[in-house]
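Data first, discussion second: the structure below is written as structure tokens.
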Amino acid sequence: MRSARIADRNISLKGEIRVIGRTDSVDFPDLGLADVRAKIDTGAYTSSIHCYNIKLTKEKLVFYLPAHKGEKRKRFVAKAFELKSIKNSFGQTEMRYVIKTRIVIFGKAFQAEFSLADREKMRYPVLLGRKLLRNRFLVDVSLEDLSLTQKRTAAAEAALL
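Residue 41 is where the sequence shown starts when you use this note's numbering, and the numbers rise one by one after that.
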């Protein structure tokens, strides 16, 4: 009976809700990155992207993204950023720089906030948190790479034309 009560709740959903698995590959067009591995983490509020050498210089934030698929590392300068208090994976609060950038999942672009963090020791360079997922995605942890599969299928079909 408990599940019936949960199903009867009046939940307001905005727009189209897509099912996403526990991992996927995403694109960051503003950063020139494609097919970056991402972990979907409903335990994290803010999304995060791996970078290093984060430095604040004359009201600009300079950071580097690691090399991707045989490319050289990329240097970025952000004029718009914030310094926010974020809980890390150990539950400790730390101050991190946060930028806004576009992310593409299932062929749709979303503007989202990403904290800049050294995730070198983590399996996935990108973590997608609740703030990005909310009202857009329903997470099914038994699935993986749904967006990547859709992207590859579309590319294969386009190649046949």
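All C-beta atoms, glycine included, are put in the ideal place defined by N, C-alpha and C.
Where does GLN190 fall in DSSP's three states? DSSP places GLN190 within a helical segment (H, G or I) once states are collapsed to three.
By DSSP's criteria, MET135 is part of a beta bridge. Which residues make up the other side? Answer by DSSP bridge pairing, in chain order: SER125.
Could you check if SER155 is buried or exposed, using at least 16 other CB atoms within 10 Å of its CB as the buried criterion? With 16 or more other Cβ atoms within 10 Å, it is buried.
Would a C-beta distance cut-off of 7 Å place THR82 and ARG170 closer than the cut-off? In this structure, THR82 lies near ARG170, with their beta-carbon atoms less than 7 Å apart.
Out of ILE143, LYS95 and GLY147, which has the shortest C-alpha to C-alpha gap to THR193? When the alpha-carbon of THR193 is set against those of ILE143, LYS95 and GLY147, the nearest one is in GLY147.
Spatial neighbours of GLY102 in its chain, beta-carbon cut-off 6 Å, leaving aside the 5 residues before and after: Correcting the residue identity first, residue 102 is Val in this sequence and not Gly. Once the five neighbours on either side are set aside, the close Cβ partners of VAL102 are LYS95 and VAL117.
Compare the Cα-Cα distances from ILE139 to each of LEU200, ILE145 and ILE89 and report the closest residue. Ranking the options by Cα distance to ILE139, first place goes to ILE89.
So VAL166 packs on VAL66, CB below 8 Å; how close in whole Å? About 6 Å separates the two Cβ atoms, so the contact holds.
With distances taken between CB atoms, is the gap from PHE150 to ARG58 smaller than 7 Å? In this structure, PHE150 keeps its C-beta atom at 7 Å or more from the C-beta atom of ARG58.
How is the beta strand (DSSP E) around ARG170 delimited, first residue to last? Here ARG170 belongs to no beta strand (DSSP E); instead the alpha helix (DSSP H) covers 170–173.
Please report the straight-line C-alpha distance between ASP158 and ALA120, rounded to a whole angstrom. So the two alpha carbons sit approximately 20 Å from each other.
Under three-state DSSP, which class holds SER43? The predicted position of SER43 is uncertain, since its pLDDT is 41 and thus under 50; no value can be drawn from it.
Under a Cβ-count criterion, where at least 16 other Cβ atoms within 10 Å of its own Cβ denotes burial, should LYS127 be classed as buried or exposed? LYS127 comes out exposed.
Quick one: Cα of SER125 to Cα of GLY131, how far? If you take the alpha carbons of SER125 and GLY131, they lie about 12 Å apart.
Which residue comes first and which comes last in the beta strand (DSSP E) that contains ILE94? Secondary structure note for ILE94: its beta strand (DSSP E) is the uninterrupted segment 92–97.
Our contact map puts ALA78 next to THR97 with C-beta atoms below 8 Å; I'd like the distance itself, whole angstroms only. So it is not a contact: roughly 29 Å between Cβ atoms.
If contacts are defined as beta-carbon pairs under 8 Å, then LYS112 and TYR104 qualify, I think. What distance do you get, rounded to the angstrom? About 10 Å separates the two Cβ atoms, so there is no contact after all.
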